[in-house]
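Enquirer:
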Amino acid sequence: KNEVEQSPQNLTAQEGEFITINCSYSVGISALHWLQQHPGGGIVSLFMLSSGKKKHGRLIATINIQEKHSSLHITASHPRDSAVYICAVRLKWGGGADGLTFGKGTHLIIQP
Amino acid sequence: DARVTQTPRDKVTEMGQEVTMRCQPILGHNTVFWYRQTMMQGLELLAYFRNRAPLDDSGMPKDRFSAEMPDATLATLKIQPSEPRDSAVYFCASGSSMTSGGTDTQYFGPGTRLTVL
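The following block contains the structure:
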């Protein structure tokens, strides 16, 4: 079983729809990252969370530490949001762990 | 606009050859990560450095892979000898971290696409 599970694996939606991507993890973490990988392959960090909620433009990320669950929401989705969204966790600090453990990604397509 | 740079962007080589990938982290960042992405496994951590010291290389096949930071502006990942199963995209990322805590935002380079024939 993967330490980081994402759902759905693939999502196709119409422009303007509200999008939710989920991430569950099974280990103790010190932070959770949401990354976006463009069709060209480049990876951009969207959010880093350790609690609560963060918002940037039309993107909202939430995390529930007790339930070991995070969600990424996109409001008023647009075709340019089409990308792979990757959840990644940083294991609990103390053992020196700092590298990320990744989910498999959610491939999102927004149709005009 | 500060960016992580990686060279080469694409590399095709034959099995058994040595491959060296280079990464220039963002100036001032003290932590550098090497990740590998394949279709089957997705993204995986290979190794990372803080203040040029290797902290974790447990994700790397030790017999053929080696990672170094000869100075603060250069990180290298070498594969010798290369094998077809090493074909992947190799990403470098950099960030800042305090001694008592982990790295915050990681900034990814564009990746090196390696094909071993």
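Chains A and B are the protein sequences, given in the same order. For the first sequence, the tail end lands on 117 under the working numbering, and the numbers increase by one without skipping. For the second sequence, the tail end lands on 151 under the working numbering, and the numbers increase by one without skipping. From the three backbone atoms N, C-alpha and C, an ideal C-beta is built for every residue, glycine too.
Look at the alpha carbon of Ile91 (chain A) and the alpha carbon of Val66 (chain B), and state the distance between them as a whole number of angstroms.
Expert: As a position in the first sequence, residue 91 (chain A) is number 86, starting the count at 1. As a position in the second sequence, residue 66 (chain B) is number 32, starting the count at 1. Their Cα atoms are separated by approximately 20 Å.
Enquirer: Which residues in chain B sit within 8 Å of Ser50 (chain A), going by Cβ to Cβ distance?
Expert: What you label residue 50 (chain A) is simply residue 45 of the first sequence in a count that begins at 1. Neighbours of Ser50 (chain A) on chain B, chain order: Thr139, Gln140, Tyr141 and Phe142.
Enquirer: Would you mind telling me which residues of chain B sit closer than 8 Å to Gly47 (chain A), beta carbon to beta carbon, in chain order?
Expert: Numbered from 1 along the first sequence, position 42 holds the residue referred to as residue 47 (chain A). Counting only Cβ-Cβ distances below 8 Å, Gly47 (chain A) has contacts in chain B at Phe142, Pro144 and Gly145, in chain order.
Enquirer: Looking at C-alpha atoms only, which residue of A:Pro44, A:Ile65, A:Leu16 and A:Pro13 is the closest neighbour of His38 (chain A)?
Expert: Locating residue 38 (chain A) in the first sequence gives position 33, counting from the first residue. For the residues A:Pro44, A:Ile65, A:Leu16 and A:Pro13, the minimum Cα distance to His38 (chain A) belongs to A:Ile65.
Enquirer: Less than 8 Å between the CB atoms is what I'm expecting for Gln42 (chain A) and Leu51 (chain A), so what's the real figure, rounded?
Expert: Locating residue 42 (chain A) in the first sequence gives position 37, where the first residue counts as 1. Locating residue 51 (chain A) in the first sequence gives position 46, where the first residue counts as 1. The pair is not a contact, with the Cβ atoms about 11 Å apart (cut-off 8 Å).
Enquirer: Say whether chain A places a C-beta atom closer than 8 Å to the C-beta of Val53 (chain B).
Expert: Here residue 53 (chain B) is taken as the residue at index 19 of the second sequence, counted from 1. No, Val53 (chain B) does not count as interfacial toward chain A.
Enquirer: Counting only the same chain and skipping the five closest in sequence on each side, list residues whose C-beta sits under 6 Å from that of Leu111 (chain B).
Expert: The residue labelled residue 111 (chain B) in the question sits at position 77 within the second sequence. Contacts found: Met55, Trp68 and Ala101.
Enquirer: Buried or exposed: where does Phe23 (chain A) fall if 16 or more other Cβ atoms within 10 Å of its Cβ makes it buried?
Expert: Position 18 of the first sequence holds residue 23 (chain A). When all chains shown are included, Phe23 (chain A) counts as exposed.
Enquirer: Write down the C-beta distance between Leu89 (chain B) and Phe83 (chain B) rounded to the nearest angstrom, noting that I regard them as a contact closer than 8 Å.
Expert: By one-based count along the second sequence, residue 89 (chain B) stands at place 55. By one-based count along the second sequence, residue 83 (chain B) stands at place 49. The pair is a contact, with the Cβ atoms about 6 Å apart (cut-off 8 Å).
Enquirer: Going along the chain, which residues of its own chain have a beta-carbon closer than 7 Å to the beta-carbon of Gly21 (chain A), five neighbours each way excluded?
Expert: Numbered from its first residue, the first sequence carries residue 21 (chain A) at position 16. Hits under 7 Å: Ala81 and Ser82.
Enquirer: Could you list which residues in chain A have their beta carbon closer than 8 Å to that of Tyr82 (chain B), in chain order?
Expert: Your numbering for residue 82 (chain B) matches position 48 in the second sequence. Going along chain A in sequence order, the residues near Tyr82 (chain B) (Cβ under 8 Å) are Asp103 and Gly104.
Enquirer: DSSP three-state call for Pro104 (chain B): helix, strand or coil?
Expert: As a first step, residue 104 (chain B) must be located in the second sequence, where it is residue number 70. Note: Pro104 (chain B) maps to strand in three-state DSSP.
Enquirer: Span of the beta strand (DSSP E) holding Phe107 (chain A)?
Expert: Residue numbering aside, residue 107 (chain A) sits at position 102 when the first sequence is read from its first letter. Run containing Phe107 (chain A): Leu105 to Phe107, per the beta strand (DSSP E) assignment.
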